[in-house]
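> Next up is a structure, given as structure tokens.
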Amino acid sequence: MEPRQPGDPARVGPYRVLARLGEGGMGVVYLARSRSGQKVAVKVIRADFTDDSEYRARFRREVHAARKVTGAFIARVLEDESNPKNEPPWLATEYLPGLSLREAVHWFGGLPPDAVRALAAGLAEALTAIHRAGVVHRDLKPENILLTAGGPRVIDFGIARPDDAGTMTRAGVPVGTPGYMSPEQASGGRVGPAGDLFALGTVLAYAATGREPFGSGSVHSKLYRVRNIRADLGGISEPWLLDLIAGCHQKKPGRRPSAAQVVKRLDALDDGVPSLQGTRWLPAPVAEAIDRRTAEARGLPEFPVAPSRHAANDAATVQTPGAAPADGGRDAARPRRPSRRMLLGGMGALGVVALTADGVLPPPRDEGSGRRPERRPPVPARPSPPVALRWRRKVSDYYPNLIVSDGAVLAMEEASQAVLRALDPHTGRTLWKRATFLNPTAFGDVVYLLPANEGGLLALRGSSGATLWSHPLSSSVAEAPQRMAVDESVVCYGATRPTAIDARDGRWLWTAEVNSEYGLCVGAGTVAVASKKTVVGLSARSGRVRWKHDVDHGFSSMIGYGMVFVWDRFMTLHALRAGDGTLAWKRADSGYELPAQHGRLPLWRGNLYVSRPDGIVLALRAATGELVWWRRFGHGEGASYDRVNTLGLYGGTLYVGCTDRHAYAVNPADGRVLWSHGADLTLTSAPVGVAGLAFIGTKDGYVEALGPPSNTPSHSGGTRAHP
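Residue numbers for the sequence shown follow this note's numbering, beginning at 380 and rising by one.
Printed below as a string of structure tokens:
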């Protein structure tokens, strides 16, 4: 939840707007209050879509579908204005404080079997009501399932259609969420109620395991797996759940059960289904978070309008150890540090964020030191120097993801077939391109990718596209390179069983019988793999187990400066010595996830840089965890849809891809902004740098090359961010 932004409406129809709940591709969702005091969620279509007949028709379909459907586990429509003459259309539904399934699993891990059974029953009942009304949801996914005090609720009928309607595509890509589509939807075919049942199986697998059943990677790679490969169900042992998911995941729609049949099947189980009344069916930490949000929502005040985003960033607070408090005193103006529970309870689309008086969350305290850096007054507001736009090149219809090799900018185009395009960093000229199923990884001037229709992992020269070697792959989803980590000697890949090959010639080295489902990284002669409870260190050359360290839901592990950095589910950052796995230090509430892009750690002169969901970027001493400085960029806009500021460090400059859709170049020594650039940039990959330039991908499918202003001081440092 965020304050209203400048330009946000004070009222929508009869409703007074209190705050922002989140935003998506079609519009913004606000928390609002009716004249009688009832709190509602109001979705307003974006102004730039109001003249688009396709989007207006889609919104009218959403309203029509949502009004037709009634049921215990579906958000009720209260009022709408779907066809106004001169204003954006809007839709008001009941406000449901709670956690999305995505939030719950992300923060607290997979659900136990009894909770999954209860969730399955509630979702199947909701789908029964949806299908009985003659509607197909088409986008059942963890973000569209709210866990509330009244049970699970299915929301967002944005792409729902009558079950006899035709296909839906956008720029050649089926509309929906790739990892949660059915095979027929992923192929651009007609989607009926059976498509929602396939998605139900995927949702239940995610809820039980805490990971994506069809893996990660590009849109095209996910669509390929949905159509051709079985879901990864490793870790699920309950026969009833395996049978249910297997039935839902039949590739042919006619072989899947109906939603009503799923309800009957669950009712027939020996011990029945737990009650969905209240939150007792959920694990205690999840139930407490939902109960807390529900209680907070009852007394929620109106949020004031936030200051201009540009002003907020120009006057961002930079903190360094030992700086004096704003009023000269030591304790008088020090705000109380929010607890971890308060932070976790306030970071979702329907949550309440606890802020200090100036709107900035204080930095965390070093665990064990008892110290917290003192607050410094905001730096004076001043405009950032204008950036020099060197060139723009159209590469796709939507956000391209970017990485760099030593000689090229690599842009991933996600369309009906994903295409990797290598661009000359000086001119934007296309050097080469390849169709691929997998987001590539680069190290030096070598690019590693899984090409379309070639059945193996390729190593290519980044500057020319010449093939250096190929390595055959199994078609098993468990062995496909959904995760890949590279250094100068080995390439490691694997969803659950890591395999290492020689980076020089693609020769197989070893496959380890350890679980790597939560993370995989390589460096300092060590391969570190993370599972649900343990991080394991392997010899990079032999695969032999060197050490083990217990970490609760360790994820996003990376190696640098001889350390393995890994987060646990409580947002505590652990720094383990790569040689023996012993704990060097740990820091609570220090980040959301390690913002490394394709194996490139943001490291510089002994510092490590991390992001938090409130928009704060921290610079930490990699050896000790000591805070060097912190600064807030944006307002944490991405927290409601699982995004944080992305970071890249190239040529001695820290680049921040901010959730306010701006790019910032920052002095890594002190956090000072060198320049900023306003663009609707991608949030799934950080700005990248090579040849003295920075590169970003934009919403309209362009790659932009940005040069520093002439008055921007330079910083020493190589072009490679590896230690």
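Even for Gly, the Cβ is constructed at its ideal location relative to N, Cα and C.
Where does residue 603 sit, in a helix, a strand or coil, going by DSSP?
helix
> To test your reading of the DSSP string, which unbroken beta strand (DSSP E) runs of 3 or more residues are found completely within the region 764 to 814?
767 to 773, 780 to 784, 787 to 792, 798 to 802 and 809 to 814
> Does the Cβ of residue 479 have 16 or more other Cβ atoms within 10 Å, making it buried, or fewer, making it exposed?
buried
> In the structure shown, what three-state DSSP assignment does residue 1059 receive?
coil
> CA-CA distance, residue 475 and residue 502?
16 Å
> Around the Cβ of residue 784, are there at least 16 other Cβ atoms within 10 angstroms (buried) or fewer (exposed)?
buried
> On the three-state DSSP scale, how would you describe residue 982?
In the three-state scheme derived from DSSP, where H, G and I count as helix and E and B as strand, residue 982 is classed as strand.
> DSSP state of residue 1087, grouped into three classes?
coil
> If you check the beta carbons only, do residue 830 and residue 791 fall under 8 Å apart?
no
> In whole angstroms, what is the alpha-carbon distance linking residue 672 and residue 528?
10 Å
> Exposed or buried, residue 656, counting other C-beta atoms within 10 Å across all chains shown (16 or more means buried)?
Burial state of residue 656 is exposed, judged by a 10 Å Cβ sphere holding fewer than 16 other Cβ atoms.
> Determine the direct distance from the alpha carbon of residue 644 to that of residue 717, and round the result to whole angstroms.
Confidence in residue 717 is poor, its pLDDT being 31 and thus under 50, which makes the residue's placement too unreliable to answer from.
> Report the rounded CA-to-CA distance for residue 468 versus residue 524, giving the unit in angstroms.
24 Å
> Could you check what DSSP says for residue 543 in three-state terms: helix, strand or coil?
A caution first: residue 543 carries a pLDDT of 46, below 50, which makes its placement in the model too unreliable to give a value.
> Counting C-beta neighbours from all protein chains within 10 Å, is the total for residue 661 16 or more, i.e. buried, or is it exposed?
buried
> Considering only residues of the same chain and omitting the five flanking positions on each side of residue 329, which have a CB-CB separation below 6 Å?
With the chain running from 380 to 1102 in the structure shown, residue 329 is simply not present.
> Rounded to a whole number of angstroms, what is the C-alpha to C-alpha distance between residue 1010 and residue 850?
44 Å
> For residue 986, is the classification buried or exposed, using 16 other Cβ atoms within 10 angstroms of its Cβ as the cut-off for buried?
buried
> First and last residue of the beta strand (DSSP E) that includes residue 1000?
995 to 1000
> Alpha carbon to alpha carbon, what distance is there between residue 872 and residue 824?
Between the alpha carbons of residue 824 and residue 872 lies a distance of about 19 Å.
> Sort 909, 938 and 828 by Cα distance to residue 885 and report the nearest one.
828
> Just curious, the alpha helix (DSSP H) that residue 585 is in, first and last residue?
572 to 588
> Kindly identify the DSSP beta-bridge partner or partners of residue 825.
822 and 840
> Give the DSSP-derived three-state secondary structure of residue 516 in the structure shown.
coil
> Quick check on DSSP: helix, strand or coil for residue 432?
helix
> Quick check on this structure: which residue in 514, 572, 588 and 412 has the alpha carbon closest to the alpha carbon of residue 491?
That would be 588, whose Cα lies nearest to the Cα of residue 491.
> Tell me the rounded alpha-carbon separation between residue 616 and residue 563.
28 Å
> Please report how far the alpha carbon of residue 1088 lies from the alpha carbon of residue 1030, in whole angstroms.
16 Å
> The alpha helix (DSSP H) with residue 618 in it runs from where to where?
DSSP places residue 618 inside the alpha helix (DSSP H), whose first and last residues are 618 to 627.
> Taking one C-beta from the region 443 to 451 and one from the region 903 to 914 each time, how about it: are there three or more such pairs within less than 8 Å?
In short, these stretches do not touch, since the Cβ pair count stays below three.
> Just the Cα atoms here: how many angstroms apart are residue 1057 and residue 1068?
17 Å
> Using 10 angstroms around the beta-carbon of residue 835, count the other beta-carbons present and answer buried if the total reaches 16, otherwise exposed.
exposed
> Taking only the alpha-carbon atoms, compute the straight-line gap between residue 396 and residue 606 and give it to the nearest angstrom.
If I take the Cα positions, the gap works out to 43 Å.
> Pop quiz: residue 507 and residue 638 are said to be a contact at Cβ under 8 Å. What is the actual Cβ separation, rounded to whole angstroms?
Indeed they touch by this definition, with Cβ atoms about 4 Å apart.
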